[in-house]
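Here's the structure, in structure tokens; my notes come after.
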Amino acid sequence: MRRTLPASLLIAVSISLSGAAFAGILSAPKSLPVDQGYLPVADMTMTVGTPNSHVRAKPTTKSKLLTTLPKGSKVTVIEKVANGSWVHVRTGSIDGYMAVKLLK
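In terms of the working numbering, the sequence shown is numbered consecutively and its last residue is 687.
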């Protein structure tokens with residue numbers, strides 16, 4: 584006596600297998616790596632959102648302080664750095680780094 588699988592089980596298995604094959608094609612692409620943690624952006628103007636915000640020589644709080652900006656100051660953002668937690672900015676003749684959380 585020969586046993587056969589029910590047609591519904593065969594259909595379910597074939598659909599699940601074909602769905603797995605298509606899942607790889609339909610999935611979103613992985614993000615591209617960013618060299619050395621720098622992400623260039625088109626120059627954009629942002630506003631300092633907190634009073635007495637520091638612009639530093641490097642993207643770290645231990646770096647040399649270049650200037651302190653009052654709330655409402657405008658800066659030009661050149662690029663994101665340090666995994667997006669700092670930005671390279673230009674304000675007047677000063678070129679330095681600010682923590683992203685200080686800007687809006």
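Beta carbons are placed, not taken as given, at the ideal position from N, Cα and C, and that holds for glycine.
task: Within 10 angstroms of the Cβ of S636, are there 16 or more other Cβ atoms? Answer buried if so, exposed if not.
output: buried
query: Where do the N-terminal and C-terminal ends of the beta strand (DSSP E) with T633 fall, by residue?
result: Careful: T633 lies outside any beta strand (DSSP E) and carries neither H nor E.
- prompt: Do you know how far the Cα of G679 is from the Cα of T651?
  reply: C-alpha separation (whole angstroms): 11 Å.
- prompt: Does DSSP classify G667 as helix, strand or coil?
  reply: helix
CA-to-CA distance, A682 to W669, given in whole angstroms: 4 Å
query: Going by beta carbon distance, what residues of the same chain come within less than 6 Å of S646, once the five residues before and after it are set aside?
result: R639 and A640
A640 - containing beta strand (DSSP E), residue span: That residue, A640, is in no beta strand (DSSP E); it is neither H nor E in DSSP.
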